[in-house]
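Just so you know, the sequence shown maps onto residues 780 to 1207 in my numbering.
We treat Cβ as the ideally placed atom computed from N, Cα and C, and that holds for glycine.
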Amino acid sequence: MKLFQRLLVAPAALGLMAPLAANADVTPVSNESDLRSEVIQARVDGVEAQLGEIMAGQFSSSTKMSGKAAFITGYVDDDAETNTDEITMEYMYQLNLNTSFTGEDNLYTRIKTGNVSDHFKDKGQGTYLSAANGNGSVLKVDKLWYQFPVGDSLQVWVGPRIENYYMLASAPSIYKPVTKQFALGGNGSAYGSSTSPGFGIAWTQNVEDPSEARFAISANYTSKDGASSTSGLSNDDSRSFLLTKVEYGSPTWQVSAAMANKSAPTASCNGYDAYFHTAMVGDNGKTTDTTCTGGDMTAYGLRGYWRPQETGAIPEVQVGYDFASYDEATAGEAEDTAGWMVGLGWKDLFIDGNRAGVAFGSAQAATSVKSGGSVTEDPEEDNTRWEAYYTFKVNDGVSVTPAIFGGSDTGAANQDVNGAVLLTEFRF
């Protein structure tokens, strides 16, 4: 209470004394007036100093807020017609809070909500949008972590709500996707993870010229059950994910290799959520059976990108390839999987500020299945995915993106899927 009163009184006192000091300094007529002026000025200086101490003690950090809202209008047509094919309009809303206590660290908080459902949050079909959120219009803390430097070359992350790809020296991909399956150079087995407690560290080689190529190494650990009092961060029952990435490149180009190990207890789908595993077993790597045994999965992700020095007609190029193996696959389950993508992006295409993108590839799917089950032959078929979009920049805060996308042999019924969406995004 005393601090609150001081915060109120100090500015008021300063506001009252400042005019007096100014008037006293205009034309001194005697030593007495000079003395009065000096006394008033000394009191003003004292109030300013006291106010500075209060402000320094109470407001030592700096917080910046930004945000984004997305209007999502579109439809999806699938052969199986598991959902209706009507045009829908949904939304996503996000707030980003960045707080620094030293000027070099960052406490990041992301608050998010949305009402996206059906096709646009369907991971099995490949129609899950990067802008989607299905919180049912409930505002939730979506991400929360703290990042700080150690010396000139190290960055450290720790937080109760983070994903592994945020704890890297640099992003593995420069392609800007519309559907989430093309994020991270192919959202496959190496980088794909869900929000979990975790921590990580990244080392970046110091170079004199920022445009020079340099090495960087990143390592991080997340645990899906890290918030559970029964499993914890590192118990044998924890669904854990250890990721290591080695990269070499410059702001213009980069090549990288990542190795990931996912572990899971019995009936936890090899460290994946049910979607990831069921998308890789059965006919064409897909099945409606969500029961699966536990065990470790080892995955590898290869990435590379190149961007031209001048924007316009020449595109940025992004490539990615993931492959994985499972230690304890049972009969009919995937023993080995693979997936790939190629993405092209054009900045300032036709009009400065606008952007276009095209991506194609395959979903992570089984390349071999353990014999002895109902699936006895290689399930890999067409399994292609693609998308294309063009972003119109209305101004610095508003953009409109029409996009089309599709895939072959998707979902549990091996149907073809095609769709279109109009994304209107507001950034502030």
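From S1150, I1093, W982 and K1003, residue whose alpha carbon lies closest to that of E1114:
It is S1150.
So A1110 is in the beta strand (DSSP E); what residue range does that whole segment cover?
That residue, A1110, is in no beta strand (DSSP E); it is neither H nor E in DSSP.
Tell me where the beta strand (DSSP E) around G1080 begins and ends.
First-last of the beta strand (DSSP E) with G1080: M1076 to W1085.
Nearest to D856 (by Cα), restricted to the options D824, P976, H898 and K891:
Ranked by how close their Cα comes to the Cα of D856, the residues D824, P976, H898 and K891 have H898 in first place.
Taking the alpha-carbon positions, what's the A1078 to N1040 distance?
Taking the straight line from one Cα to the other gives about 6 Å.
Under the three-state DSSP convention, the category Q771 falls into:
The question about residue 771 has no answer here: the residues shown for the chain are numbered 780 through 1207.
Three-state secondary structure assigned by DSSP to K1041
Annotated three-state conformation of K1041 is strand, per DSSP.
Where does K900 fall in DSSP's three states?
For K900, the secondary structure class from DSSP, reduced to helix, strand or coil, is helix.
Under a three-way DSSP split, which group does D1004 fall into?
Note: D1004 maps to coil in three-state DSSP.
Going by DSSP in three states, G1176 sits in which element: helix, strand or coil?
Correct three-state label for G1176: coil.
Could you please give the first and the last residue of the uninterrupted beta strand (DSSP E) stretch that includes E1026?
Where E1026 is concerned, the enclosing beta strand (DSSP E) stretches over S1019 to G1028.
Count the other CB atoms, across all protein chains shown, that sit within 10 Å of the CB of T1069; report buried if there are 16 or more and exposed otherwise.
The predicted position of T1069 is uncertain, since its pLDDT is 44 and thus under 50; no value can be drawn from it.
Alpha carbon to alpha carbon, how far is R1134 from V1096?
Near 14 Å, if we compare the C-alpha coordinates of V1096 and R1134.
Where S968 falls, given that 16 or more other Cβ within 10 Å makes a residue buried:
With 16 or more other Cβ atoms within 10 Å, it is buried.
For I1130 and S975, I'd like the C-alpha separation in whole angstroms.
Their backbone Cα atoms lie some 40 Å apart in a straight line.
Measuring straight from C-alpha to C-alpha, what distance separates M1076 and Y1105?
Rounded to the nearest angstrom, the two C-alpha atoms are 5 Å apart.
Given a threshold of 16 other Cβ atoms within 10 Å of its Cβ, counted over all protein chains shown, does P956 qualify as buried or as exposed?
Note on P956: 16 or more other CB atoms within 10 angstroms of its CB, so buried under the neighbour-count rule.
To the nearest whole angstrom, what separates the beta carbons of G1186 and R1164, a pair I think is in contact under 8 Å?
That pair is a contact at about 4 Å.
How long is the line joining the alpha carbons of N966 and M844, rounded to whole angstroms?
Looking at the two C-alpha atoms, the distance is approximately 28 Å.
Residue nearest to R1206 in terms of C-alpha spacing, selected from D1188, I1183, V1179 and D1195:
Checked all of D1188, I1183, V1179 and D1195; the closest Cα to R1206 is V1179.
G977 and S1035 closer than 9 Å at C-beta
One thing to note: G977 has its Cβ no nearer than 9 Å to the Cβ of S1035.
Which term fits D988, buried or exposed, when burial requires 16 or more other beta carbons within 10 angstroms of its beta carbon?
Of the other Cβ atoms in all chains shown, fewer than 16 fall within 10 Å of the Cβ of D988; this residue is therefore exposed.
Can you tell me the Cα-Cα spacing of V1196 and L908, whole angstroms?
Spanning the two alpha carbons is a distance of roughly 14 Å.
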